[in-house]
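Trainee: To convert, note that position 63 of the sequence shown is 62 in numbering that gives the first Met the number 0; the numbers rise steadily by one, no gaps. Every residue gets a Cβ at the ideal spot worked out from N, C-alpha and C, and that includes glycine. Only a predicted model underlies this, so the values are computations on that prediction, with no experimental measurement involved.
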Amino acid sequence: MDIKKEIGEILDKFQLMGLEVKDVENELGYSPNAISQAMSRGGNKKLLKNLSTLLKAKNSKPVQSDLDAVITEMHTKIARLEDVISVLKRNDVYLLSRADGKNPSLVGAEMEEAISMESKARLRQDNKKQLF
Numbered sequence: 000m001d002i003k004k005e006i007g008e009i010l011d012k013f014q015l016m017g018l019e020v021k022d023v024e025n026e027l028g029y030s031p032n033a034i035s036q037a038m039s040r041g042g043n044k045k046l047l048k049n050l051s052t053l054l055k056a057k058n059s060k061p062v063q064s065d066l067d068a069v070i071t072e073m074h075t076k077i078a079r080l081e082d083v084i085s086v087l088k089r090n091d092v093y094l095l096s097r098a099d100g101k102n103p104s105l106v107g108a109e110m111e112e113a114i115s116m117e118s119k120a121r122l123r124q125d126n127k128k129q130l131f
């Protein structure tokens with residue numbers, strides 16, 4: 000099989016994995032359009048070898064590592080949202096306590112109770128949906 004065709008097949012496999020040529024170039028440390036330029040000249044053995052090695056490395060990596068990265072990213076985003084919610088709650092407690100002339104800790108406790116009741120109601124609703 001000719002080198003250009005083999006390189007094309009490997010690039011197709013990368014595309015099926017969700018990687019574009021620019022991603023492959025980046026992972027191999029190539030300059031932008033290096034693969035396209037090599038392909039326009041018929042490809043070369045060094046490029047074929049590097050692509051084959053990268054493909055083997057990608058295929059040998061368990062999919063779990065990608066999943067772990069996504070899970071870690073989601074945990075980071077959830078923690079960020081929890082921080083934002085905490086700040087918003089404090090601001091709401093402050094504003095409500097000022098408006099009602101109540102103690103902020105009392106307003107905070109009332110707000111937490113309301114949130115807890117809402118969460119329990121949503122959980123019951125979700126459980127009912129799962130039964131049907």
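1. Three or more C-beta pairs under 8 Å: does that hold for the region 2-13 against the region 34-41?
2. At the level of alpha carbons, what is the spacing between ASN32 and LYS21?
3. Beta-carbon separation of MET16 and LYS57 under 9 Å?
4. Beta carbon of ILE9, beta carbon of LEU47: below 9 Å?
5. Just to confirm, is the Cβ distance from VAL153 to VAL106 under 9 Å?
Mentor: On the basis of the data shown:
1. The region 2-13 is in contact with the region 34-41.
2. ASN32 and LYS21 have their C-alpha atoms roughly 7 Å apart.
3. Yes, the pair counts as a contact, with Cβ atoms nearer than the cut-off.
4. Taking 9 Å as the Cβ cut-off, ILE9 and LEU47 qualify as a contacting pair.
5. The structure shown has nothing for residue 153, since the chain only spans 0 to 131.
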